[in-house]
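Have a look at the structure below before the remarks.
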Amino acid sequence: MISILIAASFGLGVSILLTPYLIRVFSRQGFGQEIREEGPQGHKSKRGTPTMGGVAIIFAMVIAYLGAHLVTWQHPTASGLLVLFLAVGLGVVGFLDDFIKIRKQRNLGLNKTAKLVGQLVVAVAFGILVMNFRNVEGLTPASLNLSYVRDITLITFPAVVFVVFCYIVISGWSNAVNFTDGLDGLAGGVSAMVLATYVVIAFWQERLSCTVTPQAACYDVRDPLDLAVLAAAAAGACIGFLWWNAAPAKIFMGDTGSLALGGLVAGLSITTRTELLAIVIGGLFMVEMISVVLQIAVFRTTRRRLFRMAPFHHHFELAGWAETTVIIRFWLLAAICCMFGLGLFYSEQLGAGG
Numbered sequence: 007m008i009s010i011l012i013a014a015s016f017g018l019g020v021s022i023l024l025t026p027y028l029i030r031v032f033s034r035q036g037f038g039q040e041i042r043e044e045g046p047q048g049h050k051s052k053r054g055t056p057t058m059g060g061v062a063i064i065f066a067m068v069i070a071y072l073g074a075h076l077v078t079w080q081h082p083t084a085s086g087l088l089v090l091f092l093a094v095g096l097g098v099v100g101f102l103d104d105f106i107k108i109r110k111q112r113n114l115g116l117n118k119t120a121k122l123v124g125q126l127v128v129a130v131a132f133g134i135l136v137m138n139f140r141n142v143e144g145l146t147p148a149s150l151n152l153s154y155v156r157d158i159t160l161i162t163f164p165a166v167v168f169v170v171f172c173y174i175v176i177s178g179w180s181n182a183v184n185f186t187d188g189l190d191g192l193a194g195g196v197s198a199m200v201l202a203t204y205v206v207i208a209f210w211q212e213r214l215s216c217t218v219t220p221q222a223a224c225y226d227v228r229d230p231l232d233l234a235v236l237a238a239a240a241a242g243a244c245i246g247f248l249w250w251n252a253a254p255a256k257i258f259m260g261d262t263g264s265l266a267l268g269g270l271v272a273g274l275s276i277t278t279r280t281e282l283l284a285i286v287i288g289g290l291f292m293v294e295m296i297s298v299v300l301q302i303a304v305f306r307t308t309r310r311r312l313f314r315m316a317p318f319h320h321h322f323e324l325a326g327w328a329e330t331t332v333i334i335r336f337w338l339l340a341a342i343c344c345m346f347g348l349g350l351f352y353s354e355q356l357g358a359g360g
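With positions in the sequence shown counted from 1, the corresponding number in our numbering is that position plus 6.
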């Protein structure tokens, strides 16, 4: 438990201290955000706000995770390092995307092909690696089974199909968080809630690990405590960044942060065996992504728009809601999703134990 608290504290401290330094450096370098011309008119004033603030989140997360292990004299585990690799790898892809936007002074960075290839390389590498590193109990960081709260033994993927599945999950989550990052503090606040939820889930899996306390309701998860430490480090980093990113934002996380956080959620869902439950926990991210898909599908078939603008949060802005009103209400919806997800997790454990 102490390692979780240390990781969260380090993540918060490093992020809240590093972010204002990045604001000054990026402002001097002219690393300002470009704004979509068709977006809400109130966003035009945000043009030039420093972006790529996700660098602070990633740096704080890495320092906090490694620092917690250094303080407690515990070795990082394969599961924790692989999820960290996934988040940092996608963060690098996002950084390149942000950097190109800034250099070319446009709202689009990497083209779709380059971005997909970057996500593909990182996701495939992760998918292959998590099938290895078997521990003394025979557990690998990920299972070839589809999972809800634990493995669904009736659905087992061949290795190649599992790698494809990992790519779909990782690409889906990274893009979902990326779509949500359109209002000051929205993606950062929701990410902090989702990651905090995973701290509770992974810690509970450690307490009821089949290795430690074999029983009917135990969990066959490799390194759950270390995953809780990583999730706590990232949650602390998000909260520290949110101090400067909340409306009116002094810096944006950019694709650097959103892709990294999406990869982190995907990696945690795969390594904690909760891929389907994650859809509930990160329900707001899912709604944002679905709104984009529906907008495109309806427009291409009927030439009419389903929403005033997608992602979904812009629809309410264009309907006259104040930006802060949208943010707070979406935070509340995200909190409800997280609590509902925790309820499903706990109720399944009670059912399995009964």
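Positions of the beta carbon are idealized from the N, C-alpha and C atoms, including for glycine. Predicted model, so just to flag it, every value in this text is computed and none were measured.
Practice item. Just the C-alpha distance for residue 277 and residue 146, rounded to the nearest angstrom, thanks. Key: 9 Å
Review point. To the nearest whole angstrom, what separates the beta carbons of residue 64 and residue 266, a pair I think is in contact under 8 Å?
Key: The pair is a contact, with the Cβ atoms about 5 Å apart (cut-off 8 Å).
Review point. Using the C-alpha atoms, what's the distance from residue 253 back to residue 289?
Key: 23 Å
Point to revise | Burial state of residue 97 (16 or more Cβ within 10 Å) | key: buried
Point to revise | Cutoff 7 Å; reference residue 198; Cβ partners in own chain excluding five residues on either side | key: 241, 244, 245, 248
Review point. Going by the beta-carbon positions, is the gap between residue 281 and residue 169 smaller than 8 Å?
Key: no
Check your understanding: Can you pull the DSSP bridge partners for residue 225?
Key -> 215
Review point. Could you check where the alpha helix (DSSP H) with residue 160 kicks off and where it finishes?
Key: Element bounds for residue 160: not the alpha helix (DSSP H) but the beta strand (DSSP E), 157–162.
Check your understanding: In whole angstroms, what is the alpha-carbon distance linking residue 205 and residue 191?
Key -> 21 Å
Point to revise | Sequence-distant residues of its chain with Cβ nearer than 6 Å to residue 304 (five each side left out) | key: 312
Check your understanding: So, helix, strand or coil for residue 21, using DSSP?
Key -> helix
Practice item. Please determine if the region 224–232 and the region 285–299 are in contact, where contact requires at least 3 C-beta pairs separated by less than 8 Å. Key: no
Review point. Just to confirm, are residue 279 and residue 156 a CB contact at a threshold of 8 Å?
Key: Against a cut-off of 8 Å, the Cβ pair of residue 156 and residue 279 comes out as a contact.
**Study point:** Any 3 or more C-beta pairs closer than 8 Å across the region 11–22 and the region 62–76
**Key:** yes
Exercise for review: Can you give me the start and stop residues for the beta strand (DSSP E) that residue 251 sits inside?
Suggested key: Segment 230–251 is the alpha helix (DSSP H) holding residue 251; no beta strand (DSSP E) there.
Review point. Between residue 91 and residue 132, is the Cβ-Cβ spacing less than 8 Å?
Key: yes
Point to revise | Bridge partners - residue 153, DSSP secondary structure assignment | key: Partner(s): 157.
Check your understanding: For residue 214 versus residue 223, is the C-beta spacing smaller than 8 Å?
Key -> yes
Review point. Looking only at its own chain, which residues have a Cβ that is under 8 Å from the Cβ of residue 161, when we skip the five neighbours before and after it?
Key: 151, 152
Practice item. Pull up the distance between the alpha-carbon of residue 128 and that of residue 342, whole angstroms please. Key: One C-alpha to the other measures close to 31 Å.
Check your understanding: Sorted by chain position, which residues of the same chain lie with C-beta nearer than 7 Å to residue 346's C-beta, five sequence neighbours on each side aside?
Key -> Result list for residue 346: 286, in chain order.
**Study point:** Simplified DSSP assignment, three categories, for residue 56
**Key:** strand
Point to revise | Three-state secondary structure (DSSP) of residue 121 | key: helix
Review point. Is the CB-CB distance between residue 93 and residue 349 below 8 Å?
Key: no
Review point. What's the C-alpha gap between residue 320 and residue 331?
Key: Per the coordinates, the alpha-carbon of residue 320 lies some 12 Å from the alpha-carbon of residue 331.
**Study point:** Contact under 8 Å by Cβ, residue 363 with residue 62
**Key:** Any answer about residue 363 is impossible in this case: the structure gives the chain only from 7 up to 360.
Exercise for review: Could you check what DSSP says for residue 325 in three-state terms: helix, strand or coil?
Suggested key: Of the three classes helix, strand and coil, the one that applies to residue 325 here is coil, per DSSP.
Check your understanding: Cα separation between residue 119 and residue 177?
Key -> 13 Å
Point to revise | For residue 318, three-class secondary structure by DSSP | key: Under the three-state reduction of DSSP, residue 318 is assigned to helix.
Review point. Using CA coordinates, which residue listed in 136, 105, 100, 88 is at the minimum distance from residue 361?
Key: Nothing in the structure corresponds to residue 361, since the chain is present only between 7 and 360.
Point to revise | Cβ-based neighbour list, residue 238, same chain, cut-off 6 Å, excluding 5 preceding and 5 following | key: 10, 13, 14, 205
**Study point:** With 16 other Cβ atoms within 10 Å as the buried cut-off, status of residue 60
**Key:** Buried, by the Cβ-count rule.
**Study point:** Nearest to residue 154 (by Cα), restricted to the options 283, 148, 236
**Key:** Ranking the options by Cα distance to residue 154, first place goes to 283.
Check your understanding: Secondary structure at residue 256, three-state DSSP: helix, strand or coil?
Key -> coil
**Study point:** Per-residue burial, residue 134 [other beta carbons within 10 Å of its own, 16 or more giving buried]
**Key:** exposed
Practice item. Pick helix, strand or coil for residue 136, following the three-state DSSP scheme. Key: Three-state DSSP puts residue 136 in coil, outside helix and strand.
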